[in-house]
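According to the numbering used here, the sequence shown holds residues 19 to 219 in order. C-beta: ideal position from N, C-alpha, C; glycine also. Every value quoted in this text rests on a predicted model; they were computed, and no experiment measured them. Okay, so here's the structure we're looking at.
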Amino acid sequence: MIRTALAAAALSFLAVTGALANPTSQDPAKVPAGDYVLDKRHASLLVKVPHMGGFSKFTMRFDRLDGSFAYDPATWGATRVTITADPTSINTGLPDFDKTIAGPSYFDSAKYPAITFVSTRAEGTDGKGTVSGDLTFHGVTKPVVLDVTFNGVGPGMMGAGTRIGFSGTTRLKRSDFGVTTMSQFAGDDLDLLFEVEFTKK
């Protein structure tokens with residue numbers, strides 16, 4: 019009897035806390051004003067590059083990301099988001115190849131120790147839109163446009179704080195940033211896919 023009661027209480031607790039952690043709105047106007055920081059444990063950036071003309075898309079992941087922004091719902095379209103990826107954190111699943119990608123032939127991470135995106139404008143409705151900004155990679159800065167889905171705003175775990183999440187994609191040419199090594203084996207177009215969550219300070 020006691021065991022049944024404890025199990026029921028645990029299930030009730032999980033049901034309540036689960037509901038408290040769900041997004042409650044996809045309206046940017048309902049995001050509380052303030053400073054937000056990237057939740058690094060719930061952030062990912064994948065890069066896909068065609069292999070040998072497109073037999074497959076070789077997939078890599080950056081393991082270390084950082085980011086932040088200050089938010090005002092009255093001017094949300096002008097929010098300036100900064101995201102930084104550490105090029106030495108590239109993860110192909112092949113440790114020796116990771117060093118090659120991070121090395122002078124590709125990312126040249128010793129000379130260019132950060133990959134940075136700084137937004138300039140956000141547009142959209144109904145939780146979907148674009149974020150325009152400047153991407154600095156391999157010492158070159160170019161404008162890029164991200165296709166973004168605003169997954170919503172809501173309370174954090176156990177109902178504490180404020181959490182917001184986004185998913186997005188973009189495509190760019192590595193040659194635009196001066197990375198042309200092994201072009202006969204790896205395509206020029208890079209597909210970037212990201213999942214990020216931010217929490218209010």
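Rounded to the nearest whole angstrom, the CA to CA distance from VAL65 to THR110 is 10 angstroms. As computed with DSSP, PHE87 is found in a beta bridge with TYR54. Every beta strand (DSSP E) stretch that sits fully inside the region 120-202 and reaches 3 residues is listed by chain position as 133-143, 146-155, 158-173 and 180-191.
Segment contact: the region 171-180 against the region 133-141, fewer than three CB-CB distances shorter than 8 angstroms; contact not assigned. The Cβ atoms of ALA132 and TRP94 do not sit closer than 9 angstroms to each other. For MET70, no beta strand (DSSP E) run applies, since DSSP gives it neither H nor E.
In its chain, beyond the 5 residues on either side, LEU83, GLY85, PHE212, GLU213, VAL214 and GLU215 have a beta carbon closer than 8 angstroms to the beta carbon of ALA61. Contact check for GLY52 against TYR89 passes: the beta carbons are separated by less than 9 angstroms. Between MET200 and SER150, the C-beta gap is not smaller than 9 angstroms, which leaves the two residues out of contact.
For the options PHE125, PRO91, PRO50 and LEU164, the alpha carbon positioned closest to that of GLY157 is the one of PHE125. According to DSSP, ASP206 shares a beta bridge with no other residue. The C-alpha of TYR130 is placed about 17 angstroms away from the C-alpha of ASP81.
CA-to-CA, the gap between LEU190 and LYS218 works out to about 31 angstroms. Less than 9 angstroms separates the beta-carbon of PHE203 from that of HIS69. Here the alpha carbon of VAL166 sits roughly 24 angstroms from the alpha carbon of GLY205.
Distance from the CA of PRO113 to the CA of VAL67, rounded to the nearest whole angstrom, comes to 18 angstroms. Judged by beta-carbon spacing, ASP57 lies beyond the 9 angstroms limit of GLY145, meaning their Cβ atoms are not closer than that value. Inclusion of THR134 and THR106 in the CB contact set at 9 angstroms is not warranted, their separation being larger than that value. Counting only residues of its own chain and dropping the five nearest sequence neighbours on each side, ASP209 has a CB closer than 6 angstroms to the CB of LYS66 and ARG189.
Beta-bridge pairing by DSSP links LEU112 to no other residue.
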